[in-house]
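Report on the following structure.
2 protein chains.
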Amino acid sequence: MASKRRSRGRVDRDRDAAEVSLGPLGGYVGFALRRIQTAVFADFIAALGKLDLKPAQYSLLELVDANPGLRQWQAAAALGIQKANFVGLVRKLERRSLLQRRRSVADRRSYALHLLPGGRRLLAAARALHDEHESRLAGRLGSGGRERLLLLLRRLAAGVESAAPGGGRAASL
Amino acid sequence: MASKRRSRGRVDRDRDAAEVSLGPLGGYVGFALRRIQTAVFADFIAALGKLDLKPAQYSLLELVDANPGLRQWQAAAALGIQKANFVGLVRKLERRSLLQRRRSVADRRSYALHLLPGGRRLLAAARALHDEHESRLAGRLGSGGRERLLLLLRRLAAGVESAAPGGGRAASL
DNA sequence: TATTGTTATACTCTATAACTATA
DNA sequence: TATAGTTATAGAGTATAACAATA
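Each protein sequence line maps, in turn, to chains R and G.
One rule links them: number in our numbering = place in the first sequence (from 1) + 545.
One rule links them: number in our numbering = place in the second sequence (from 1) + 545.
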């Protein structure tokens, strides 16, 4: 029940504070994608927070676990992070004795990344949290919904990749 | 063809630079969601760039168009932007004579937002670009894919909303 | 000459606290 | 007392340029 008055000059009459319409925005895939991704990511950050891990750190642990001896620049490229910004990320995990950098024999400019025992243990705990997170999402999607969503997202990826500033890129989740 | 040597001490033997495996990461919805959203968003930013508009600015124009006289705080809340960070956003559009702020009669603390003719014209052009962008995405999703994706994303939203730092939030696309 | 890792730097986005004027 | 808008500020994340060591 907002009181209505005449608007004069730069002054405005009332507007029902009721509901705000998204207008055409509500019908766009990109808009929905961004809104949902933001919320999902916030949930994931909160879950990983219990282990004092950030998404990019967790992703790096997974990546090194899946590719032992991965070069630093390869890891950066795979996660879509500039090599300059990658330095601090790797060093923080190194200081926590989660992973190790070893100079490569073949190319002494580069480092090879390897998980340390502590990194493997933390990764196991983080993956358990990630699995719980994923289960929450899957529960919302209904039977087969998770697989159908992944399929559709991969179709999208095939077309939009290499549109990002760095060419074919990834995200630091 | 990487040469293989024995690793000794902190030195590492070679690793085929071939392909980097994502490992378990590749199977998570959140990971796919983030990667694809990042790429789609970059494409959208590039499209809007032709009009010297950023996503958040465009969204605000759409929102005010759909809700004339919207209060500043309502717009900020609907777009998931802190009111403090919203000030600069509104002012930039005001300086470009795209929208106008009018003091509300009923509550003289607040501003009501209205599009100006220039804002309506720019919005029309931006919406055309957005529609092209959306068509590119829809083309990748196949017949009915767009609608199925929107449906799945909305199911996700229903569960994850209000997990974000600000409670029930939106994103500034 | 080109590449890997590094430093420094800047720009954007975001989050919070404190103030003002109004309510 | 509480709220709308504002200011100031600090923290992330990200992008580029330049350098040393190595190829």
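All C-beta atoms in this analysis are idealised placements derived from N, C-alpha and C, irrespective of residue type, glycine included.
Select from the options the residue whose C-alpha is nearest the C-alpha of residue i.
| i | options | result |
| --- | --- | --- |
| LEU578 (chain R) | G:GLY568, G:LEU570 and G:PHE589 | G:PHE589 |
| LEU695 (chain G) | R:ASP610, R:SER566, R:GLU564 and R:LEU570 | R:LEU570 |
| PHE576 (chain R) | G:GLY568, G:ASP610, G:GLY575 and G:PRO600 | G:PRO600 |
| LEU638 (chain G) | G:ARG654, G:ARG665, G:SER655 and G:ALA622 | G:ARG665 |
| SER649 (chain R) | R:ALA591, R:PRO613 and R:ARG699 | R:PRO613 |
| GLY572 (chain G) | R:SER604, R:ARG641 and R:GLY663 | R:SER604 |
| GLY633 (chain R) | R:ALA611, R:ARG681 and R:GLN602 | R:GLN602 |
| GLY663 (chain G) | G:ARG699, G:ARG640 and G:ALA651 | G:ARG640 |
Determine whether the beta carbon atoms of residue i and residue j lie at a separation below 8 Å.
| i | j | result |
| --- | --- | --- |
| ALA671 (chain G) | LEU624 (chain G) | no |
| LEU668 (chain G) | LEU658 (chain G) | no |
| LEU615 (chain G) | LEU606 (chain G) | no |
| ARG691 (chain R) | ALA683 (chain R) | yes |
| LEU686 (chain R) | VAL585 (chain G) | no |
| VAL565 (chain G) | GLN619 (chain R) | yes |
| VAL635 (chain R) | ARG647 (chain R) | no |
| GLN721 (chain R) | GLN582 (chain G) | Chain R is shown from 546 up to 718; residue 721 (chain R) falls before or after that span and cannot be answered. |
Under three-state DSSP, which class holds residue i?
| i | result |
| --- | --- |
| TYR603 (chain R) | helix |
| SER649 (chain G) | strand |
| LEU667 (chain R) | helix |
| ARG681 (chain G) | helix |
| LEU661 (chain G) | coil |
| LEU644 (chain R) | strand |
| GLY713 (chain R) | With a pLDDT of 44 at GLY713 (chain R), under the threshold of 50, the predicted position of this residue should be treated as unreliable, and no value is reported. |
| SER552 (chain G) | Interpretation of SER552 (chain G) is limited by its pLDDT of 35, a score under 50 that renders its predicted location unreliable; the figure taken from the coordinates is listed afterwards. Coil. |
Could you tell me the boundaries of the alpha helix (DSSP H) in which residue i lies?
| i | result |
| --- | --- |
| LEU638 (chain R) | 628-640 |
| LEU697 (chain G) | 690-705 |
| GLY575 (chain G) | 574-594 |
| LEU624 (chain R) | 617-624 |
Could you check the C-alpha separation between residue i and residue j for me, to the nearest Å?
| i | j | result |
| --- | --- | --- |
| LEU660 (chain G) | GLU679 (chain G) | 24 Å |
| GLY689 (chain G) | LEU697 (chain R) | 11 Å |
| ALA703 (chain R) | ARG580 (chain G) | 11 Å |
| ASN630 (chain R) | TYR656 (chain R) | 16 Å |
| GLU677 (chain R) | LEU567 (chain R) | 32 Å |
| ALA622 (chain G) | HIS675 (chain R) | 29 Å |
| ALA673 (chain R) | ARG653 (chain G) | 52 Å |
| LEU593 (chain G) | ALA587 (chain G) | 10 Å |
| ARG699 (chain R) | VAL574 (chain G) | 10 Å |
| ALA611 (chain R) | ALA611 (chain G) | 48 Å |
| LEU598 (chain G) | SER642 (chain G) | 14 Å |
| VAL705 (chain G) | ARG681 (chain R) | 9 Å |
| ALA591 (chain R) | ALA651 (chain G) | 40 Å |
Flag residue i as yes when its Cβ comes closer than 7 Å to any non-hydrogen atom of the ligand SAH, and as no otherwise.
| i | result |
| --- | --- |
| GLN627 (chain G) | Absent from the structure shown: the ligand SAH. Ligands present: none. |
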